[in-house]
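According to this note's numbering, the residues represented by the sequence shown are 10 to 362, in order.
Here is the structure we will look at.
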Amino acid sequence: MTASPGDAGADTLPEGLQLLTETFAFSGRARPLLGFGHYATVIDTGGPQALALATDTIGTKALVAQAMGTFDTAGIDCVAMNANDIVCVGAEPIAMVDCMLVEEMEEAFLAEIAAGLREGARRARISIPGGETARVPEMLRGAVPGRAFDLGGTCAGLVEPDRILTGAGVAPGDALVGFASSGIHSNGLTLARRTFREAGWELGRYVEEFGRTLGEELLEPTAMYVDLAMALLRELDVRALFHLTGGGFLNLRRLEAEEGFDIEALPPVPAIFSVIQNLAGLDDATMYAEYNMGAGFCAVVPESEAERALALGESCGIAGWRLGTATASAGREVTIRDGGIALRGGAEGFGAG
10 MTASPGDAGA DTLPEGLQLL TETFAFSGRA RPLLGFGHYA TVIDTGGPQA LALATDTIGT
70 KALVAQAMGT FDTAGIDCVA MNANDIVCVG AEPIAMVDCM LVEEMEEAFL AEIAAGLREG
130 ARRARISIPG GETARVPEML RGAVPGRAFD LGGTCAGLVE PDRILTGAGV APGDALVGFA
190 SSGIHSNGLT LARRTFREAG WELGRYVEEF GRTLGEELLE PTAMYVDLAM ALLRELDVRA
250 LFHLTGGGFL NLRRLEAEEG FDIEALPPVP AIFSVIQNLA GLDDATMYAE YNMGAGFCAV
310 VPESEAERAL ALGESCGIAG WRLGTATASA GREVTIRDGG IALRGGAEGF GAG
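Below you can see the structure in the form of structure tokens.
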């Protein structure tokens, strides 16, 4: 299969992305096998394995790191955000290059960033063979003068073309299994920071529910799901994988099959989300459409393999739950029912039901 502008939904894309679909025809050797909208793109290299590519940044979590003066977790987040996306198309991540823009070149700061990248690479079992660091003081202004930075990466992975995951194989009755997050990860930090700022909470404030300071809780690194995903792909008939990042449970709509999900049980909600919700006065619909709410990664497998999926998660040190069931849905609707709450997410997004 080879993606075309039509496959990428070019007729409904913003003008800028429509122009990018025209590049599909520029390369005579390496053509994309997937269009826009997937967690990663996959390129046909002409060989037995295709090249998967994903790119992401740590977003405004960098502002928390600046304010705390703690930079050794940023690299872990950068690797995790990219490697966790790559595995969702069935690829094994192999390498990542990073790109960091800084306000000032300060040796100790750069060493902390590098230490985090190294630890992230260890957890993802990849190399970081190159990258770019640029000092652009006129372009960056952060939480603390001289400490502003932006960190992103581009991850590469390999997958056999006939094993690319798009969610096309999801069928009614399949089981949706969720796996625990480590907290807020690297999404929704802008909303979180605004909420705490308006409530008068400083990052150094000790929060009983967290057992540590607010800043330490927000800087908890994004969980790495690479080992888990590889085990699932190796041992089970995986129909789809989801990295629950920005958009929360709405990410469950990122599949090609005309299927939705009826979520019958929810994971325990980490304290960080309960605190944000209470301080901001947000409803459940908003929270589940914004945050991972305790489940940072999900897999769809045949019902008969759900227990095995949970066991594989346990073997990787990651708690898991059977969350729900795939259902036929032309709008890829996600329905969450728990404790008398019904949330429905269709083409228009979540709304209270």
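Idealized CB from N, CA, C, for every residue including glycine.
Predicted, not measured: the structure shown is a model, and the values here were computed from it.
> Can we say the stretch 100-113 touches the stretch 153-168, given the rule of at least three CB pairs closer than 8 Å?
Replying inline: yes
>> Does L291 come out as helix, strand or coil in the three-state DSSP assignment?
In response: coil
> When DSSP labels each residue in this structure, what does D107 get in the three-state scheme?
Replying inline: strand
> When burial is assigned at 16 or more other CB atoms within 10 Å of the CB, is Y215 buried or exposed?
Replying inline: exposed
> With 16 other CB atoms within 10 Å as the buried threshold, where does R150 fall?
Replying inline: exposed
> Between the stretch 249-268 and the stretch 300-315, are three or more C-beta pairs nearer than 8 Å?
Replying inline: yes
> Do A49 and A100 have their CB atoms nearer than 8 Å?
Replying inline: yes
> Apart from the five residues just before and just after Y234, which ones in its own chain have a Cβ nearer than 6 Å to its Cβ?
Replying inline: N93 and F306
> Taking DSSP as the reference, what is the three-state secondary structure of Y297?
Replying inline: helix
> Starting from T409 and walking both ways along the beta strand (DSSP E), at which residues does that stretch end?
Replying inline: Summary: the structure shown does not reach residue 409, with the chain confined to residues 10 through 362, and so no result is reported for it.
> What residues in its chain sit with their C-beta under 8 Å from that of M114, if we drop five residues either side in the sequence?
Replying inline: Contacts found: T142 and R144.
> From F188, C97 and G182, pick the residue whose C-alpha is nearest to that of D271; which is it?
Replying inline: G182
>> Rounded to the nearest angstrom, what separates G140 and A339 at their Cα positions?
In response: 42 Å
> Expressed to the nearest angstrom, what Euclidean distance is found between the alpha-carbon atoms of E342 and E268?
Replying inline: 7 Å
>> Considering only the alpha carbon of each residue, which of G155, D86, E121 and A157 lies closest to G129?
In response: D86
> Can you tell me whether D171 is buried or exposed, with buried defined as 16 or more other CB within 10 angstroms of its CB?
Replying inline: exposed
>> When you compare the CB positions of I173 and V247, do they come within less than 8 Å of one another, or not?
In response: no
>> Once the 5 residues before and after T69 are set aside, which same chain residues still bring their CB inside 6 Å of it?
In response: L198 and T199
>> So if DSSP puts P102 in a beta bridge, which residue, or which two residues, is it bridged to?
In response: G166
>> Per the DSSP calculation, F188 is bridged to which residue(s)?
In response: F306 and G329
>> For the alpha helix (DSSP H) containing D81, name the first residue and the last one.
In response: Unbroken run through D81: none, as it is neither H nor E.
>> According to DSSP, simplified to helix, strand and coil, what is G139?
In response: strand
> How many Å lie between L241 and V186 at the Cα?
Replying inline: 11 Å
> So, helix, strand or coil for E268, using DSSP?
Replying inline: In the displayed model, E268 falls within a strand according to three-state DSSP.
> The alpha helix (DSSP H) with R317 in it runs from where to where?
Replying inline: A315 to S324
> Alpha carbon to alpha carbon, how far is L110 from T231?
Replying inline: Rounded to the nearest angstrom, the two C-alpha atoms are 21 Å apart.
> Taking all protein chains shown into account, do 16 or more other C-beta atoms lie within 10 angstroms of the C-beta of R156, making it buried, or fewer, making it exposed?
Replying inline: buried
> Roughly how many whole angstroms lie between the Cα atoms of A17 and V51?
Replying inline: Low local confidence applies: a pLDDT of 38 at A17 is under 50, so the model's placement there is unreliable, and no value is given.
> Could you give the distance in angstroms between the alpha-carbon of T222 and the alpha-carbon of E31?
Replying inline: When rounded, the distance between both Cα atoms is 49 Å.
> Which residue from Q27, R206, R132 and E112 puts its Cα closest to that of L237?
Replying inline: For L237, the nearest C-alpha among the options comes from R132.
> What's the gap between the Cα of L288 and the Cα of G209?
Replying inline: 10 Å
>> Measuring only the C-alpha atoms, how far is G192 from F80?
In response: 18 Å
>> Using CA atoms only, rank isn't needed, just tell me which of E229, I345 and R203 is closest to E273.
In response: I345
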